[in-house]
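Trainee:
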Amino acid sequence: MVYAPIETEDRAEIREIQEERLRETVEHAYETVPFYREQLEDAGVEPDDIESLEDITKLPMTTKEDFRDEYPDGLFAVGDEELTRIHASSGTTGKPKIVSYTDDDIGVWSEVVARSLKASGVNPGDTVQNAYGYGLFTGGLGLHYGVEELGATVIPIGSGGTQRQIEMMTDLESDALACTPSYALYLAETAEEMGHDPKELPISTIIFGAEPCTEPMREEIEERLDVNGIDIYGLSEIIGPGVSNECHEAQDGLHIWEDHFYPEVVDPRTGDPVEEGEEGELILTTLTKEAMPVLRYRTGDLTTLTYDECECGRTMVRMDNVTGRTDDLLIVRGVNLYPSEIEHVVLEIDGVAPYYRIDLAKEGSLDVMELTIETTEESDRNEDELRNVILTRLQNVLSFTPDDLELVDHGGIARTEVGKVKRVYDHRD
Ligand code: DLL
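Each residue of the sequence shown is one higher than the one before, counting from 10 in this note's numbering.
(1) Compare the beta carbon distance of residue 255 and residue 128 with 8 Å and say whether it is the shorter of the two.
(2) Going residue by residue through the stretch 108-188, where are the continuous alpha helix (DSSP H) segments of at least 4 residues, counting only ones entirely within it?
(3) Helix, strand or coil for residue 226? Go by DSSP, reduced to three states.
(4) If you run the structure through DSSP and keep just helix, strand and coil, what is residue 341?
(5) Among residues of its own chain, excluding the 5 on either side of residue 54, which ones have a beta-carbon nearer than 7 Å to its beta-carbon?
(6) Mind checking residue 25: buried by the 16 CB within 10 Å criterion, or exposed?
(7) For residue 421 versus residue 383, is the C-beta distance shorter than 8 Å?
(8) Use the C-beta contact count for residue 285: other C-beta atoms within 10 angstroms, 16 or more gives buried, fewer gives exposed.
(9) Give the straight-line distance between the Cα atoms of residue 431 and residue 364, rounded to the nearest whole angstrom.
(10) Suppose contacts are defined by Cβ-Cβ distances below 8 Å. Is residue 350 in contact with residue 381 by that definition?
(11) Mark residue 354 as exposed unless 16 or more other C-beta atoms lie within 10 angstroms of its C-beta, in which case mark it buried.
(12) Considering only their Cβ atoms, is the gap separating residue 158 from residue 190 smaller than 8 Å?
(13) Determine the DSSP secondary structure at residue 296, reduced to helix, strand or coil.
(14) Look up residue 349 in the DSSP assignment and say whether it is helix, strand or coil.
(15) If the criterion is Cβ atoms closer than 8 Å, does the pair residue 9 and residue 419 meet it?
(16) State yes or no: is the C-beta of residue 346 within less than 8 Å of the C-beta of residue 71?
(17) Rank 269, 74, 329, 258 by C-alpha distance to the C-alpha of residue 23 and give the top, closest one.
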C-alpha cells in the first residue's frame, strides 16, 4: 500500500515527468536567481541546452559554500509576498543555511513526508509522537505536516523531556515515534531507569533520521524497544526530512521521491558519475521547489543508488543508508578513516555498547587519536580481553589502531537529549 500512485509508476513515465520538471526548474532558477544565472553563464549553458536528464551534467554544482556566500536570501527565487516559511539548517560552522518555502512547497513537503510515513508502516488513524526539534530545524515541522497530511494524529512534543515523552507515549498509546537514532536509544535507557520494560512501550515503529545509523545500531534499537526501525533521510537545502525513506516491507534502501528530487551519485574527487551500485557522493536537484530551486547540490553524503525492483512494489530508485560523508573523512597520520567505519567494526563486538567518541589531538606534529568506547552492562568479558579484541579487529579490518583506547562503564559517555550526537572531537586546529 502506497500513499501516492506515482510511487509505483512505470519508470518511463517517471522519467518523462522528471525531464519536464528539470527543464522548468532550470528555467525558473535562471530567470529568478541571479546566482544561478551567473553560474550558468559562466559555464556557457543556456536553459534551452537542458533537454534530457542526461544534460543535467552540463549544469554546475551548488555547494554548501554557495549557501553561505548567498546568506541570507541570495538563493531565493520569489519575493517576500510569496513566501510562507523560512527554516535554517542546524549549521556546522559559520552562518546557518537559510531555506525558504512557498505554500506549494509546503504542500509538496507534506506529501513526501506522508509518503515516507506510509512507507514506514504508519497509517491514517495512527498516533505519531514527534520528538524532532520544532523551530528552525526542519525535523519538527516537516514531520508534523506530513503526519497531518497522511490523516494520522501528531503529538507535537518536540525534542527532550524524556520522562514526559515516555509518560505521554504510554498514556496516549502512541503507535510510532519520530526521533534521531541516538535519541531512540537514550529513550530506551531512560524508560529502563523509570522501571519500564522498553519492549512494553506501545510504539511499534520508530522513524529515525537526521544522523547516520549503522546496522548494529538499528538492530539495537529494534531489539531493545521491540519496534521496526525505519530510516528517513533529508536535508534542509533540498526540503528537509522526506527526500527518501525506507519501506517497512523490505527495509532495504530508501526510496527517493524522485518526481520531486532528482538524484545523481558522483565520485567526490572528480565529480564524474559512478556506475549504478557504486558508492559516491549524492547530488540532488529539486524538481518542483518554487521558493528555492536548487541545482545539483553536493550533499556531502555518501551512498549508492539501485534501480532494481523492490519487493514492496515501489518503482522509485533506492539509495543506501547514509553512514558516511565526504567531509567526515578523518586523516590521522596519513590514514584515511571514516568514523562510521570504526563504528561498524567496534559495534559488532560483544560487550560493546553503541556509544563511542573519537578525540583527535596533536602531539608535536603527530596526530594522535583516542577512542573511548562504552561497554554494555551485561558484558562479562574482562577488560583486557575486550581491549585486545577491539584492537585486533580494528587492525585487521582497517589496518589502524588508536593511540589510546579507553573503555568506560555503561553510561560513561554523555548522551545528548536534544539534537544530534557528536562523535568526533578534533582538537588539532
Ligand atoms: O537533518 C533533516 C531531517 C530531519 C532528516 C529529520 C531526517 C529526519 P539538516 O539538519 O539539514 O536536515 O541535516 C542534513 O543530516 O546531509 C545528512 O548528512 C544527515 N542526515 C539526515 N538524515 C539522515 C539519515 C535534517 N537518515 C544532513 N541518515 C544530511 C544519515 C542523515 N544521515
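We put the beta carbon where it would ideally sit given N, CA and C, even for glycine.
Computed from a predicted structure; not experimentally measured.
Mentor: Once the coordinates are examined:
(1) It is a contact, given that the beta carbons lie within the stated cut-off.
(2) Annotation: the stretch 108-188 contains the following complete segments of the alpha helix (DSSP H) (minimum length 4 residues), in chain order: 112-129, 147-159, 171-181.
(3) Reduced to three states, the DSSP call for residue 226 is helix.
(4) Residue 341 sits in a strand when the DSSP states are folded into three classes.
(5) So the list reads 67, 68, once near-sequence residues are dropped.
(6) Residue 25 is exposed by the Cβ-count criterion.
(7) In this structure, residue 421 sits near residue 383, with a CB-CB distance shorter than 8 Å.
(8) In this structure residue 285 is exposed. Its beta-carbon is surrounded by fewer than 16 other beta-carbon atoms within 10 angstroms.
(9) Rounded to the nearest whole angstrom, the CA to CA distance from residue 431 to residue 364 is 10 Å.
(10) No. Outside cutoff.
(11) Around the Cβ of residue 354, a 10 Å sphere holds 16 or more other Cβ atoms; the residue is buried.
(12) Contact flag unset, no.
(13) Here DSSP, grouped into helix, strand and coil, assigns residue 296 to coil.
(14) Reduced to three states, the DSSP call for residue 349 is helix.
(15) Any answer about residue 9 is impossible in this case: the structure gives the chain only from 10 up to 438.
(16) No, they are not a contact pair.
(17) With distances taken between Cα atoms, residue 23 lies closest to 269.
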